[in-house]
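Asks: The structure follows.
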Amino acid sequence: MPDSPNIDILAIAAHRDDVEQTCGGTLLKMAERGRRTAILDLTQGEMGTRGTAEDRAREAEEAARILKASWRRALDIPDGRVENTYDNRLKVARVIRELRPRVLILPYWQARHPDHATASVLGYEAAFLAGLAKLDLGAPPHRPYKIIYASLYADVRPTFVVDISDQFETRFAALMAYRSQYEDQQPGSGLFPRQTEIHERLAAMAAFYGLLAGVRYAEPFVSKEVGLVDDLLAIPVQSI
Ligand SMILES: [Zn+2]
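Numbered by my numbering, the letters in the sequence shown go through residues 827 to 1066 in order.
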């Protein structure tokens, strides 16, 4: 991909529509501020109960447009079988070198779905590989400066949250772009909650994380590093 944009933030997730649920509001907010964002889906979604991988490719492209992402691609790792192999790490490392993001967003490392947990470790190890000078991948070495973990579906206290009050509804629209998954329809209707229920649930979660920081809606993240403060008077979030 010779015309790759220089990317500020790359979000990696196991499945198409993961990013829309966990950090889409943050990606949109950054794009609205002129940052260049990218989404790498590790799988193509061929195991989904509804729709085909082709449907999902079209829907993912539409969702990326709604989130104002500059770049999106899906790798060919089998859906439901995301494994942390050297081959897969190289696939992801190539993308990291190609895009050269400063910030990498990964799924939180503990998850109900094994693909999500594996995507976290795989992404981290790929970022490490991508920085190895002697590893020849056809593009110069690069390591993201910062790695943060999107923790919306993890039962863990976030290190920080991003205020997405102004992005929440657009993020919801991006998720609903996956019509084959979320459009109200008869087959499998026991499995897939109606759109209004999904909206209610997403709003409740975003409002919960928003409350922690005194804003309406937010997305939670975990960082392994400590926060660094320069000015005590500029620390956000009121204590009492
Ligand atoms: Zn997923």
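Backbone N, C-alpha and C fix where the C-beta goes; we use that ideal spot for every residue, glycine too. In this text, all values refer to a predicted model and were calculated from it rather than measured experimentally.
Which of helix, strand or coil does DSSP assign to K1050?
Replies: If you number the sequence shown from 1, residue 1050 lands on position 224. Reduced to three states, the DSSP call for K1050 is coil.
Asks: Based on the DSSP secondary-structure assignment, which residues constitute the bridge partners of W897?
Replies: In the sequence shown, counting from the first residue as 1, residue 897 sits at position 71. Answer is A864.
Asks: For D941, verify whether its CB is less than 7 Å away from any heavy atom of ligand 1.
Replies: Taking the sequence shown and counting its residues from 1, the one referred to as residue 941 is at position 115. Yes, the Cβ of D941 comes within 7 Å of a heavy atom of ligand 1.
Asks: So A840 and T869 are supposed to be a Cβ contact under 8 Å. How far apart are they, rounded?
Replies: For the purposes of this step, residue 840 is taken as the residue at position 14 of the sequence shown. For the purposes of this step, residue 869 is taken as the residue at position 43 of the sequence shown. Indeed, because the Cβ distance is near 6 Å, the residues count as touching under 8 Å.
Asks: To the nearest angstrom, how far is it from the Cα of R1027 to the Cα of G957?
Replies: Here residue 1027 refers to the residue found at position 201 of the sequence shown. Here residue 957 refers to the residue found at position 131 of the sequence shown. Computed Cα separation, rounded: 39 Å.
Asks: Identify which residue in L1037, P984 and L1054 has its Cα closest to the Cα of S1065.
Replies: By 1-based counting over the sequence shown, the position of residue 1065 is 239. Residue L1037 is the option with its Cα nearest to S1065.
Asks: Tell me the DSSP secondary structure of K960 in three-state form.
Replies: On the sequence shown, position 134 is the one that residue 960 refers to. In the structure shown, K960 sits in coil (DSSP, three-state: anything other than H, G, I, E or B).
Asks: Hey, how far is the Cα of S977 from the Cα of P933?
Replies: Locating residue 977 in the sequence shown gives position 151, counting from the first residue. Locating residue 933 in the sequence shown gives position 107, counting from the first residue. Rounded to the nearest angstrom, the two C-alpha atoms are 7 Å apart.
Asks: Taking C-alpha atoms, which residue in D962, C849 and A1044 lies nearest to I1108?
Replies: This structure cannot speak to residue 1108, because the chain is shown only from 827 to 1066.
Asks: Taking the Cβ atom as the reference point for each residue, do Y971 and R915 lie within a distance shorter than 8 Å?
Replies: For this step, residue 971 is matched to residue 145 along the sequence shown. For this step, residue 915 is matched to residue 89 along the sequence shown. It is not a contact, given that the beta carbons lie outside the stated cut-off.
Asks: Our contact map puts A864 next to A886 with C-beta atoms below 8 Å; I'd like the distance itself, whole angstroms only.
Replies: On the sequence shown, position 38 is the one that residue 864 refers to. On the sequence shown, position 60 is the one that residue 886 refers to. With a Cβ gap of about 13 Å, A864 and A886 do not count as contacting.
Asks: If we count the other Cβ atoms within 10 Å of its Cβ and call it buried at 16 or more, is I1061 buried or exposed?
Replies: For the purposes of this step, residue 1061 is identified with residue 235 of the sequence shown, where counting begins at 1. The residue in question, I1061, is exposed, as its Cβ has fewer than 16 Cβ neighbours within 10 Å.
Asks: T944 to I838, Cα distance in whole Å?
Replies: By 1-based counting over the sequence shown, the position of residue 944 is 118. By 1-based counting over the sequence shown, the position of residue 838 is 12. Cα-Cα distance, rounded: 12 Å.
Asks: Only counting the same chain, and skipping five residues up and downstream in sequence, which positions put a Cβ closer than 6 Å to that of G850?
Replies: As a position in the sequence shown, residue 850 is number 24, starting the count at 1. For G850, where only same-chain residues beyond five positions count, the Cβ hits under 6 Å are L893, R997 and A1000.
Asks: Roughly how many angstroms separate the alpha carbons of A879 and Q1021, rounded to a whole number?
Replies: The residue labelled residue 879 in the question sits at position 53 within the sequence shown. The residue labelled residue 1021 in the question sits at position 195 within the sequence shown. For A879 and Q1021, the distance between alpha carbons rounds to 22 Å.
Asks: Please confirm whether G949 and V918 have their CB atoms less than 8 Å apart.
Replies: By 1-based counting over the sequence shown, the position of residue 949 is 123. By 1-based counting over the sequence shown, the position of residue 918 is 92. Yes; because the gap between Cβ atoms is below 8 Å, this pair is in contact.
Asks: Are the CB atoms of R1005 and P966 nearer to each other than 8 Å?
Replies: In the sequence shown, the residue the question calls residue 1005 occupies position 179. In the sequence shown, the residue the question calls residue 966 occupies position 140. It is not a contact, given that the beta carbons lie outside the stated cut-off.
Asks: Based on DSSP bridge pairs, tell me the residues matched to L836.
Replies: Counting from 1 along the sequence shown, the entry for residue 836 is found at position 10. In the DSSP output, where bridge partners are listed per residue, L836 has A864 and L930.
Asks: Alpha carbon to alpha carbon, how far is D844 from R907? Give it in angstroms, no decimals.
Replies: In the sequence shown, the residue the question calls residue 907 occupies position 81. In the sequence shown, the residue the question calls residue 844 occupies position 18. Their Cα atoms are separated by approximately 16 Å.
Asks: What do you get for A1030, buried or exposed, if any count of 16 or more other CB atoms within 10 angstroms of its CB means buried?
Replies: Reading the sequence shown from its first residue, position 204 is the one you call residue 1030. Exposed.
Asks: Could you name the residues of the same chain whose beta carbon sits closer than 7 Å to that of H968, not counting the 5 residues immediately before and after it, in chain order?
Replies: The residue you call residue 968 lines up with position 142 of the sequence shown. Counting only Cβ-Cβ distances below 7 Å, and skipping sequence neighbours, we find I922, R923, R926, A956 and G957.
Asks: Please go through the stretch 988–1047 and give each complete alpha helix (DSSP H) segment of 4 or more residues, from N-terminal end onward.
Replies: Here the runs fully enclosed are 994–1002, 1005–1008 and 1021–1039.
Asks: Confirm the yes/no value for this check: CB of D981, any heavy atom of ligand 1, distance under 7 Å.
Replies: Position 155 of the sequence shown, counted from the first residue, corresponds to residue 981. False, no ligand heavy atom lies under 7 Å from that Cβ.
Asks: Would A953 and I973 be called neighbours here (beta carbons separated by less than 8 Å)?
Replies: Mapped onto the sequence shown, residue 953 falls at position 127. Mapped onto the sequence shown, residue 973 falls at position 147. Contact: yes.
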